[in-house]
Every structure is written in C-alpha cells, then in structure tokens.
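Everything on this sheet refers to the single structure shown next.
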Amino acid sequence: MGTVRILGACLAGSSAELVTIEARYEEDREAGRVDVLLTGLPDPVIRESRGRLLCALSANGLGVPPGRLYLNLVPAARRKSGEILDLPLLLGAAAAAGHLKRRAVEGRLFLGEVGIDGALHAVPGGLAAAMVARAAGVEQVVAPRATALEAAWVPGITAFGAAHVDDVVRHLVGSTPLEPLAPVRADDGHDMGLSVDDVRGQASGKLALAVAAHGGHGLLFIGPPGTGKSMLARRITTLLPAPSLPERLDITRVLSASGRWPGGLASLRPYRAPHHTVSYAGLVGGGSPPAPGEITLAHCGVLFLDELPEFRREVLEALRQPLESGSITLSRAGRQLELEARFQLVAAMNPCPCGYMGHPRVPCHCAPTLVQRYRSRISGPLLDRIDLRVELAAPTLDELGNAPTPAGVATGLTASALQSQLARASALQRARQGERRNCELDAESLDRHAPLDQAARSLLGKLARQRGLSARAVQSLRRVARSVADLDGSEATTTAHLARALALRSPIL
Numbered sequence: 080m081g082t083v084r085i086l087g088a089c090l091a092g093s094s095a096e097l098v099t100i101e102a103r104y105e106e107d108r109e110a111g112r113v114d115v116l117l118t119g120l121p122d123p124v125i126r127e128s129r130g131r132l133l134c135a136l137s138a139n140g141l142g143v144p145p146g147r148l149y150l151n152l153v154p155a156a157r158r159k160s161g162e163i164l165d166l167p168l169l170l171g172a173a174a175a176a177g178h179l180k181r182r183a184v185e186g187r188l189f190l191g192e193v194g195i196d197g198a199l200h201a202v203p204g205g206l207a208a209a210m211v212a213r214a215a216g217v218e219q220v221v222a223p224r225a226t227a228l229e230a231a232w233v234p235g236i237t238a239f240g241a242a243h244v245d246d247v248v249r250h251l252v253g254s255t256p257l258e259p260l261a262p263v264r265a266d267d268g269h270d271m272g273l274s275v276d277d278v279r280g281q282a283s284g285k286l287a288l289a290v291a292a293h294g295g296h297g298l299l300f301i302g303p304p305g306t307g308k309s310m311l312a313r314r315i316t317t318l319l320p321a322p323s324l325p326e327r328l329d330i331t332r333v334l335s336a337s338g339r340w341p342g343g344l345a346s347l348r349p350y351r352a353p354h355h356t357v358s359y360a361g362l363v364g365g366g367s368p369p370a371p372g373e374i375t376l377a378h379c380g381v382l383f384l385d386e387l388p389e390f391r392r393e394v395l396e397a398l399r400q401p402l403e404s405g406s407i408t409l410s411r412a413g414r415q416l417e418l419e420a421r422f423q424l425v426a427a428m429n430p431c432p433c434g435y436m437g438h439p440r441v442p443c444h445c446a447p448t449l450v451q452r453y454r455s456r457i458s459g460p461l462l463d464r465i466d467l468r469v470e471l472a473a474p475t476l477d478e479l480g481n482a483p484t485p486a487g488v489a490t491g492l493t494a495s496a497l498q499s500q501l502a503r504a505s506a507l508q509r510a511r512q513g514e515r516r517n518c519e520l521d522a523e524s525l526d527r528h529a530p531l532d533q534a535a536r537s538l539l540g541k542l543a544r545q546r547g548l549s550a551r552a553v554q555s556l557r558r559v560a561r562s563v564a565d566l567d568g569s570e571a572t573t574t575a576h577l578a579r580a581l582a583l584r585s586p587i588l
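In the numbering used here, each number is its position in the sequence shown, counted from 1, plus 79.
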C-alpha cells in the first residue's frame with residue numbers, strides 16, 4: 080500500500096517536537112520472519128520497542144507477515160527519545176501491513192506506550208505535545224486516558240483516551256468510536272496555609288517582599304541565622320498576582336513535559352528551592368536527552384536560593400543570561416535547545432561565614448579577609464541583576480514574644496493589608512502599561528511610565544556618583560521606585576519614592 084505517514088511527538092526540554100513516522104512494508108514469504116529496520120536516530124528505548132510492538136500487533140490480530148518493515152523517524156537528523164512513540168509506531172506498522180487505511184491514521188497525533196499485550200500506558204507530555212500539534216494545524220489527539228486528559232486542556236484540540244490498542248483500532252475503523260474527553264478540573268495546588276503574619280517583626284522585610292511581589296523584582300535577604308529570611312521568602316507566593324491563562328498554560332506545559340502534570344491546569348505559580356549542592360545541569364538544564372533544570376521548572380514563578388554564597392560559582396554565573404532574557408539556550412551534541420526560564424529570583428545569605436556579624440547578642444569571630452572572601456563568592460555582575468538587597472536584623476525578644484497579628488496591624492503590614500495594597504497597585508500598573516510588570520520596563524518605557532522630575536534626577540545622579548552605580552543599577556533603582564510609587568497609589572515617581580528604593584538596595588555587599 081506504499082508509504083504510510085503518521086504523526087507522533089517527542090519531548091524536548093520543556094516542550095515537545097512533532098515526529099512523522101514513515102512506515103513501509105515489503106512482503107517476503109521466504110524470509111521466515113519480520114525484519115524491522117528502524118532509522119532516524121532513535122534512542123535505545125525506541126530501538127527496544129521493535130520486539131514488544133511486533134508482539135502487541137500479533138496479540139491483537141494485526142500480525143505482520145514475514146518480510147521487511149521499514150520505519151523511519153522524520154526529521155532523520157534529530158535524535159528521538161522515549162516510549163511516547165510506541166503507539167504511532169505500532170499504528171504505522173499496522174497500516175503499512177494493510178490492517179488500517181491510510182486516511183484513518185493521517186491528520187491525528189498519537190501518543191503512548193504500548194505493552195506486549197496491547198495495553199496502553201500513560202506517558203508524560205500530553206499537554207506539551209498537544210500545544211505543538213495545535214500550532215501545526217492538528218486537531219485530534221489519541222492517547223492513553225491520563226495523557227489525553229492533559230491534551231484536552233488545549234483549546235482547539237479534541238482528545239480521545241484509550242486503554243488498549245484494540246480501542247484505538249476500533250475508533251479508527253469507525254466500529255466503536257471513542258468519546259472525546261473534557262478537561263477534568265482538579266485541585267491542582269494549595270497555599271499550604273502560609274501567611275506573612277507568621278513572621279514576627281521584620282517590617283522592612285515584609286515591605287521588600289511586597290515591592291518584589293508587585294514589580295517582579297529580584298530580592299536578596301541578608302541577615303544572621305534565625306531572622307526569618309527563609310520564612311519571608313517562602314511567603315512571597317501568597318503575595319504574587321494570580322497567573323494569567325497564558326501563564327497557566329505555560330506552567331502546566333513545563334510540568335507536563337517534565338512528568339509533573341498537576342492533574343489539571345496549574346492555578347499557582349511554581350516555587351522551587353534547590354539545595355546549594357545542585358549541579359550545573361540540575362539548575363539550568365542539560366543531560367542526555369536534555370532535561371529542564373530548576374530555572375525552567377520555576378518558569379512564571381519563584382526560584383529561591385538559600386545560602387547563596389554556598390552555591391558553586393559557575394552555577395550562579397549561569398543565572399546571568401536567563402535573568403536578563405527569560406530563557407536559556409543549551410547547546411548539546413551539535414543541537415541547540417531553548418528553554419523558558421522567566422523566573423523571579425529570591426535569595427538569602429548570612430553576612431559572614433559564621434553568620435553572626437552584626438548580631439546584637441552573639442559575637443562574630445570572622446576575620447575581615449574571611450568575610451570578604453565569603454561575600455566575593457557572589458560576583459558583581461550577578462549582584463547587579465538583583466534589584467532589592469535588604470539587610471535583616473535579628474528580631475528582638477519583645478517582637479518574638481508578641482503575637483504577630485497585632486504587631487502587623489500597628490505597622491500596616493498584615494497579610495490582608497498587603498494584599499489589598501498589592502491589588503490596588505496591580506490595577507494601577509495594568510492601567511498604565513498593560514500586563515508588563517515593572518521589572519520588565521526598559522529605558523524607553525521608564526521614560527514614558529516613570530519619568531523623574533528635576534529633583535529626583537539630581538538625587539539619582541548624586542547617588543550614581545557616590546556609589547559608583549552601573550547603568551543597569553540606575554535603571555534598576557528607577558524600576559523599584561516605580562513599584563514603590565504604585566504601592567503608594569501615586570501616578571508620579573517622586574524623590575521620596577527614589578529614596579525608599581535606595582533604602583531597599585543595601586550597600587552591604
């Protein structure tokens with residue numbers, strides 16, 4: 080019947096890539112067996128599929144007579160990996176052998192792992208594959224039920240779930256059509272009951288958290304052990320704006336491609352907190368096949384790095400590009416892969432190796448050279464990309480002994496007060512510049528949305544000369560000042576807002 084072409088997909092980092100399977104069969108009764116020639120740079124998992132697919136075909140009445148079965152994966156020059164291609168390979172072989180009509184398998188995307196008896200097993204990446212299929216004009220996806228439920232979330236895609244190869248065959252020949260699946264809403268996250276009210280004292284830290292949450296600014300907390308740095312950082316997720324629908328799809332696609340589908344469309348922004356022993360590939364991505372790292376899993380969310388100077392220098396330096404561009408390009412084995420990495424960096428560190436420099440009750444015995452060596456583990460270019468750097472003092476015994484809510488009420492920094500303030504600031508920001516957050520404003524946008532009067536310009540020039548601020552740092556101060564003005568409900572960015580932005584940029588490092 081000539082060459083049959085059927086569409087499948089392979090995962091590629093945080094997304095998927097379509098793969099066309101070309102199948103052709105040549106009968107040779109004298110051969111005594113079926114020789115399967117699989118080409119197109121398959122990985123060991125795909126090469127091993129030849130035996131189980133022939134067994135599954137035979138078990139379901141789709142046996143291939145003795146001869147040669149050619150299976151080619153297009154594009155041939157790109158490496159293919161994973162069991163996700165089992166189902167399209169099997170259906171391509173069945174169609175090439177004459178069990179299915181060519182038009183029955185064309186124009187659809189097939190995904191899934193096949194057992195030796197024909198049972199279908201779910202594979203990760205259903206939503207990621209469906210998104211690239213929709214972009215290519217494909218409207219139907221056939222896969223194991225759990226994988227098809229992911230695909231059903233993509234607008235414009237009709238997803239069919241099957242438990243067995245026989246179900247798929249009956250659907251394709253029209254004898255027993257499968258029912259389209261509707262997206263199943265699930266409890267895809269919770270806030271774990273976190274609140275800034277849990278943190279006692281630390282008014283400056285809470286203010287910095289609100290500014291960072293509103294504007295999307297990077298944030299570094301510096302302070303002795305036990306000051307609440309990690310507690311504050313974890314609670315930024317309760318202050319961040321809810322993700323938009325495109326962001327929810329983006330977050331879910333990344334989770335889907337990494338095998339972490341939340342069971343629905345993600346409603347919360349991700350929060351990733353890798354240990355400081357994380358490897359380069361673990362943080363930025365890599366491996367064979369390339370897998371997304373922590374910065375991609377934190378896409379549209381927060382990446383928290385505790386004990387920042389303890390991370391290996393080359394690992395930290397790898398953050399510089401994605402902090403600027405929102406993505407990272409990996410070059411592996413002659414191929415490039417671009418991974419999304421638009422994350423908000425929140426970090427924490429001690430002021431010295433022992434941690435107690437500046438502590439009112441515990442003495443520090445670190446030599447100045449040791450302190451300098453410790454702080455120099457964070458390079459100037461990386462530090463320059465962190466808008467907010469806040470020094471936290473150890474809480475007093477009175478602060479620790481008092482209930483957190485009354486103290487917060489007195490300072491206007493309760494969770495409910497901050498959330499109301501952030502809601503008003505977000506409305507002001509959207510009315511001014513749409514969905515673009517303050518951290519994304521370039522020089523031209525700052526001149527348009529955050530112009531400075533003569534007094535503010537004079538102050539900024541004086542600060543730049545006194546502190547030796549780089550051009551990036553000057554623009555960073557203007558962005559933070561714009562966020563401070565939003566939280567104040569002010570249309571104009573004034574000298575007072577610029578001064579408060581400077582107070583949130585500690586010169587300790």
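By construction, the Cβ of each residue, glycine as well, lies at the ideal position given by its N, Cα and C atoms.
Please determine, among the options, the residue with the shortest C-alpha to C-alpha distance to residue i.
i	options	result
N517	Q533, D532, S555	S555
R623	V450, K285, A241	This structure gives no information on residue 623, because the portion of the chain shown stretches from 80 to 588.
L402	H438, V290, P320, R551	R551
G297	L507, D463, Q508	D463
A261	L228, A397, Y359, A289	L228
A494	T317, S406, I374	T317
K159	R126, G146, G140	R126
E470	C431, Q498, L492, D276	C431
A560	A578, N429, G547	A578
L179	Q512, T82, F239, E192	T82
R527	R558, E101, G547	R558
D107	L286, A176, S499	A176
P121	M428, T375, S367, G284	S367
Buried or exposed for residue i, going by 16 or more other Cβ atoms inside 10 Å?
i	result
V363	buried
G365	buried
T255	exposed
P586	exposed
G372	buried
A95	buried
H444	exposed
A571	exposed
H354	exposed
T475	exposed
E192	buried
P123	exposed
E419	buried
With the cut-off set at 8 Å, would you say residue i and residue j are in Cβ contact?
i	j	result
L416	P369	yes
L566	A504	yes
L97	A215	yes
I465	P388	no
A198	H243	yes
R348	C379	yes
A426	L299	yes
G205	A222	yes
P325	L334	no
V278	R314	yes
L148	G119	no
G568	L507	yes
F422	V381	yes
A291	L467	yes
A102	A174	yes
S93	A336	yes
If I'm right that residue i touches residue j with Cβ under 8 Å, what's the distance once you round it to whole angstroms?
i	j	result
V143	L133	7 Å
T574	A543	At roughly 15 Å, the Cβ-Cβ gap does not stay under 8 Å, so T574 and A543 are not in contact.
L190	A110	L190 to A110, Cβ: 32 Å. No contact.
P563	A580	First, the residue type needs correcting, since residue 563 is Val and not Pro in the sequence shown. Between A580 and V563 the Cβ distance is about 6 Å, and since that is below 8 Å, they are a contact.
Taking the beta strand (DSSP E) that residue i falls in, what are its first and last residues?
i	result
G240	237-241
D114	113-118
V425	423-428
Less than 7 Å separating the Cβ of residue i from some heavy atom of the ligand SAH?
i	result
Q281	Ligands displayed in this structure: none; no statement on the ligand SAH is therefore possible.
In the DSSP assignment, find the alpha helix (DSSP H) that holds residue i and state where it starts and stops.
i	result
T331	324-336
Y435	Here Y435 belongs to no alpha helix (DSSP H), and DSSP marks it neither H nor E.
A174	165-175
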